[in-house]
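In this note's numbering, the protein residues as written are 1 to 80. Worksheet: one structure, shown below.
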Ligand SMILES: [Zn+2]
C-alpha cells in the first residue's frame, strides 16, 4: 500500500498517510533520553479501512534491530 498507493484488500487508491508521533503508538526502543521511541506511520485505506503500519526512519529501524530479536517462524515438524 505504501509502495503502490493501492489497497491490497479492495483495490482502492484512496489512501491516507497518517504520520507517526512520539506517542502511545510508537515502539519503545530505549529507556531515558529524548528520542526513546520510534514513531509508527500508518497508511489507511479510506474505502475499506485497512491499515498498514511502518517505521519510516532508517535510524529507528536500526535501533529496533538492536533491541529486539529477529523473528524466525516455527517450522512445522512432522511427527511420525
Ligand atoms: Zn481498501
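Beta carbons: idealized from backbone N, C-alpha and C, even for Gly.
*Which residues does DSSP pair with residue 37 in a beta bridge?*
Checking the DSSP bridge columns, you'll see residue 37 partnered with 28.
*asked:* Could you compute how far the alpha carbon of residue 13 sits from the alpha carbon of residue 43?
replied: C-alpha of residue 13 to C-alpha of residue 43: approximately 11 Å in a straight line.
*Return the Cβ separation of residue 15 and residue 46 in integer angstroms, given the expectation that the two are a contact with Cβ distance under 8 Å.*
The beta-carbon distance between residue 15 and residue 46, rounded to whole angstroms, is 7 Å. This is short enough to meet the 8 Å contact definition.
_Presumed contact (8 Å Cβ cut-off) between residue 69 and residue 29, rounded CB distance_ = Approximately 14 Å separates the beta-carbon atoms of residue 69 and residue 29; this is outside 8 Å, ruling out the contact.
*Going along the chain, which residues of its own chain have a beta-carbon closer than 6 Å to the beta-carbon of residue 60, five neighbours each way excluded?*
Once the five neighbours on either side are set aside, the close Cβ partners of residue 60 are 38.
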